[in-house]
């Protein structure tokens with residue numbers, strides 16, 4: 010039962026009990042019923058506006074994920090999140106959004122900014138120059 014239906018039910022009870030609106034008790038009950046009706050109508054309006062806004066938000070989220078082609082290349086196992094993975098901070102040059110990505114995302118070469126959609130390309134050559142090509146080996150002769 011909606012709020013307005015419940016208020017209509019209470020109004021029916023009030024009218025059925027035949028309260029006199031000439032007396033103090035009848036006037037206050039009448040005023041309370043009028044207030045309840047106004048509040049019920051306001052609540053219904055808010056619920057309708059909320060539903061309309063939720064539909065707009067849902068459409069925007071759907072458009073956001075439809076426009077983001079970088080996620081289309083990923084399969085389900087790429088989407089698994091490793092809680093121990095090291096995260097790197099990336100700042101979008103267009104909107105300034107801070108984005109945290111893991112190494113596998115960086116190795117893809119590019120992603121779309123989740124805030125503005127700008128294509129962010131990653132150049133890892135500077136990092137590769139700093140890292141050794143092979144694991145360190147012990148060159149000492151222990152024989």
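Numbering (this note's numbering), first residue to last: 10 to 152. Ideal Cβ positions, reconstructed from N, Cα and C, are used throughout, including at glycine.
| Item | Value |
| --- | --- |
| Span of the beta strand (DSSP E), counted from its first residue to its last, around residue 109 | 107–111 |
| Nearest-angstrom beta carbon gap, residue 130 and residue 121 [assumed within contact, 8 Å] | Wrong, their Cβ atoms sit about 11 Å apart, outside the cutoff. |
| Residue 19 versus residue 66: straight-line alpha-carbon distance, rounded | 36 Å |
| For residue 119: DSSP bridge partner residues | 130 |
| Local conformation of residue 142 per DSSP, three classes | For residue 142, the predicted structure reports a pLDDT of 49, less than 50, and the residue's modelled location is therefore unreliable. The matter cannot be settled from this model. |
| The alpha helix (DSSP H) enclosing residue 22, as first and last residue numbers | 12–25 |
| Where the beta strand (DSSP E) through residue 28 begins and ends | Taken as a continuous stretch (DSSP letters only), residue 28 belongs to no beta strand (DSSP E), as it is neither H nor E. |
| Contact set for residue 51: own chain, Cβ-Cβ below 6 Å, skip 5 residues either direction | none |
| Residues of its chain near residue 109, where Cβ-Cβ distance is below 8 Å and the 5 sequence neighbours each way are ignored | 96, 97, 98 and 99 |
| Same chain, Cβ closer than 8 Å to residue 104, five either side skipped, listed in chain order | 122, 124, 125 and 127 |
| Inter-residue Cα distance where the pair is residue 74 and residue 58 | 25 Å |
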